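Trainee: Just so we're aligned, residue 1 is where the sequence shown starts under the working numbering, counting upward by one. For each residue, glycine too, the CB sits at the ideal point set by N, CA and C. Note that the coordinates shown come from a computational prediction; the quantities given were computed from them, not determined experimentally. Dropping the structure in here first, questions after.
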Amino acid sequence: MSTVRYALACIFLVWYVVVLVFAYNGFWEIMLKFRYRLNRQQRRKNTDALESVSSSSFDGVEGVSIIRPLKGVDPEMSSCLESSFVQDYPTDKFEILFCVDDPEDSCIPIVKNLIEKHPLVNARILLSSNYNRETRTSDDHYGPNPKVNNLAKGFLEAKFDIIWAMDSNVWAPSRVLARSVKSLQQNIDNGRPVRGKRQVKLVHHTPLALSVVDTEYSLSPISSSGEDEGVSTDAARKCGGVHRRILKKSGAKLDEMFLFTSHSKFYVTFNNLSIAPCVNGKSNIYRRSDLDYAVSQIPKVTDSQFFYSPDVLQDAKYFTSLGPGHAIKFFSRYIGEDNMIGICLWENAMGRTGMTGDVVVQPLSGEDNGVNDYMERRVRWLRVRKYMVLAATLLEPTTESILCGLYGNFAISTLFLGAKSIFNWKLFMFHMTVWIITDYIQFYVLLNSALHSDVNLPAWLKKQESPTVQKSVARWFTAWLGRELLALPIWIQAMIGHEIDWRGRPFKIKQDLTAEEL
């Protein structure tokens with residue numbers, strides 16, 4: 001056996017073990033903390049009991065300002081936004097701020113209807129000043145990130161210090177807010193007290209997506225969110241007959257599979273191990289004062305890997321000098337503002353993330369969301385991550401089941417099955433079978449977590465309980481295999497390109513991780 005082959009086998013074996021430890025740490029955490037076993041009758045009983053508890057049970061809880069930035073109409077938008085109104089939390093302890101740029105935005109009638117439907121909840125719409133429809137800009141413009149530009153007015157108007165920043169296109173169970181505030185106040189992660197010097201400064205929830213049909217507004221996540229205007233679906237249009245219909249409708253199912261399997265297990269692992277911040281911005285809860293403090297410390301830190309350029313230091317100093325609530329504007333210079341907020345709290349406020357065993361769910365149109373759309377989204381965010389966390393992004397393909405099985409098989413065959421053996425089919429099939437089974441179990445544990453987390457489920461989520469909607473093993477495996485086979489080509493495409501098509505405009509990421517429109 002050559003020395004090079006032996007050395008490679010040793011390296012591959014070590015990394016194979018590391019990947020399996022990470023993957024199954026997340027899997028078992030999901031099994032333990034995200035698993036619901038209550039049937040609907042039990043959930044009704046528990047909900048009635050919760051409703052009968054007097055407001056004194058909430059003594060000591062802090063107030064929360066829920067801020068939801070809106071643009072256009074998303075699939076099942078009304079039910080997603082209404083989930084904020086029906087949180088099991090004292091109505092005098094939370095408010096909802098809907099941030100909108102355009103005073104003629106099509107989402108405003110939906111919000112007004114919800115405000116009328118829930119008069120006891122303090123909710124209002126905040127509009128940007130001097131919005132120009134031709135340029136799609138307003139006075140609330142601080143950088144290339146329109147979401148942060150939109151959020152900023154909510155941070156300034158917020159009545160409470162705790163902020164729940166939540167995207168317009170996600171639904172949350174009614175007990176999420178209460179559990180999240182408890183996690184933040186008592187320094188708890190997934191029900192366990194956090195040990196060590198770092199405190200829970202940001203509570204987040206595992207993001208999932210479901211492919212749904214007959215939505216309120218049959219729009220793809222591209223056209224509804226405004227994030228990808230102009231991205232073409234030529235690949236779907238050029239296919240004829242059955243292939244065209246399959247390509248046009250399969251994007252949402254691939255998104256669904258990615259978030260339910262690969263993404264969720266590693267997302268939960270990084271939170272659980274707390275070796276670095278890993279934050280998705282769909283649903284985040286943190287204190288405005290903590291963010292103000294963390295940004296104010298940026299100019300004082302000399303060894304930061306993320307905040308170091310003169311322009312970045314100057315902006316951090318300027319925005320924090322404006323007073324409380326202005327620090328959020330600093331993050332308008334980044335495309336991935338969610339993860340940069342997590343990094344800032346980690347570096348400058350001795351913070352870490354915490355979870356509550358809850359999921360938030362984004363309904364995706366299953367009618368006009370093609371495979372090409374899915375690939376474009378994955379390529380874009382991989383390119384963003386390439387600049388933010390290069391090492392982790394370069395290693396990402398090695399965490400996928402097929403490639404992981406190949407180099408793991410080579411390592412085990414070389415080291416333990418004889419000098420002439422470099423690949424063993426039985427071993428590879430065993431690896432893939434175990435991976436598929438655990439992904440299948442995890443998929444339905446997370447789905448049941450969403451289905452059993454609330455008695456008042458929206459109609460599109462209730463339909464997932466129907467036997468006709470529940471996926472057969474063959475249909476599930478088809479979606480799973482498609483996602484796995486596309487993972488490496490998507491990664492290669494992301495690595496060889498530099499331009500990021502974001503919200504219909506081309507951007508590049510500069511060396512200091514800030515975004516520049518081309």
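Within the region 52-134, note down every full alpha helix (DSSP H) run reaching 4 residues or more, in order along the chain.
Mentor: The qualifying runs are 77-85, 108-117.
Trainee: Between the C-alpha atoms of Arg5 and Ser413, what's the straight-line distance to the nearest angstrom?
Mentor: Taking the first residue of the sequence shown as position 1, residue 5 is located at position 5. Taking the first residue of the sequence shown as position 1, residue 413 is located at position 413. For Arg5 and Ser413, the distance between alpha carbons rounds to 11 angstroms.
Trainee: From what residue to what residue does the beta strand (DSSP E) around Met166 run?
Mentor: Residue numbering aside, residue 166 sits at position 166 when the sequence shown is read from its first letter. Segment 162-166, the beta strand (DSSP E) holding Met166.
Trainee: Less than 7 angstroms between C-beta atoms, sequence neighbours within five positions excluded: which residues of the same chain meet that for Ser220?
Mentor: As a position in the sequence shown, residue 220 is number 220, starting the count at 1. Note that Ser220 scores 35 on pLDDT, short of 50, meaning its location in the model is unreliable and no value can be drawn from it.
Trainee: At 3 residues or longer, what runs of the beta strand (DSSP E) sit wholly inside the region 255-297?
Mentor: Those beta strand (DSSP E) runs which fall completely within the region 255-297 and span 3+ residues are 283-287.
Trainee: Does the separation of the CB atoms of Val279 and Gly342 fall below 8 angstroms?
Mentor: Here residue 279 refers to the residue found at position 279 of the sequence shown. Here residue 342 refers to the residue found at position 342 of the sequence shown. In this structure, Gly342 lies closer than 8 angstroms to Val279 by Cβ.
Trainee: Going by the DSSP bridge assignment, what does His204 pair with across the sheet?
Mentor: Locating residue 204 in the sequence shown gives position 204, counting from the first residue. Its beta-bridge partners are Asn284.
Trainee: Does Glu516 pass the burial test, meaning 16 or more other C-beta atoms within 10 Å, or should it be called exposed?
Mentor: Counting from 1 along the sequence shown, the entry for residue 516 is found at position 516. Counting Cβ neighbours within 10 Å, Glu516 comes out exposed, since fewer than 16 surround it.
Trainee: Distance, Cα to Cα, Ile509 vs Thr438?
Mentor: Counting from one through the sequence shown, the residue named residue 509 turns up at place 509. Counting from one through the sequence shown, the residue named residue 438 turns up at place 438. Rounded to the nearest angstrom, the two C-alpha atoms are 36 angstroms apart.
Trainee: Per DSSP, what are the beta-bridge partners of Ala515 in this structure?
Mentor: In the sequence shown, the residue the question calls residue 515 occupies position 515. Answer is Ile509, bridged to Ala515.
Trainee: Would you kindly work out how many angstroms separate the C-alpha atoms of Ala316 and Leu259, rounded to a whole number?
Mentor: Walking along the sequence shown from the start, residue 316 turns up at place 316. Walking along the sequence shown from the start, residue 259 turns up at place 259. Taking the straight line from one Cα to the other gives about 33 angstroms.
Trainee: Given a cut-off of 8 angstroms, decide if Thr398 and Tyr407 are closer than it, judged by their beta-carbon atoms.
Mentor: Position 407 of the sequence shown, counted from the start, is the residue given in the question as residue 407. Position 398 of the sequence shown, counted from the start, is the residue given in the question as residue 398. Yes.
Trainee: With a threshold of 6 angstroms on Cβ separation, who are the neighbours of Glu95 within its own chain once the five nearest residues in sequence on each side are excluded?
Mentor: Sequence index remark: in the sequence shown, residue 95 carries index 95 (1-based). Closer than 6 angstroms at the Cβ level, and outside the excluded window around Glu95, lie Ser65, Asn122, Lys159.
Trainee: Could you spell out where the beta strand (DSSP E) holding Gly351 opens and where it closes?
Mentor: The residue given as residue 351 occupies position 351 in the sequence shown. Counting along the chain, the beta strand (DSSP E) containing Gly351 begins and ends at 351-354.
Trainee: Is Ile328 near the ligand PLP, in the sense that its beta carbon is under 7 angstroms from a heavy atom of that ligand?
Mentor: What this structure holds is no ligand at all, so the ligand PLP is not there to describe.
Trainee: Using a Cβ-Cβ cutoff of less than 7 angstroms, which residues in the same chain neighbour Asp102 once the five nearest sequence positions on both sides are dropped?
Mentor: One-based indexing of the sequence shown puts residue 102 at position 102. For Asp102, where only same-chain residues beyond five positions count, the Cβ hits under 7 angstroms are Tyr131, Arg133.
Trainee: If we count the other Cβ atoms within 10 Å of its Cβ and call it buried at 16 or more, is Val18 buried or exposed?
Mentor: Within the sequence shown, the letter at position 18 stands for residue 18. Flag for Val18 reads exposed.
Trainee: Applying the 10 Å Cβ sphere with the 16-neighbour rule, what's the burial state of Gln314?
Mentor: Locating residue 314 in the sequence shown gives position 314, where the first residue counts as 1. Burial call: exposed.
Trainee: What's the C-alpha gap between Gln493 and Gly154?
Mentor: Locating residue 493 in the sequence shown gives position 493, where the first residue counts as 1. Locating residue 154 in the sequence shown gives position 154, where the first residue counts as 1. Going by the C-alpha atoms only, they are around 37 angstroms apart.
Trainee: How many angstroms separate the CA atom of Pro299 from the CA atom of Tyr308?
Mentor: One-based indexing of the sequence shown puts residue 299 at position 299. One-based indexing of the sequence shown puts residue 308 at position 308. Taking the straight line from one Cα to the other gives about 8 angstroms.
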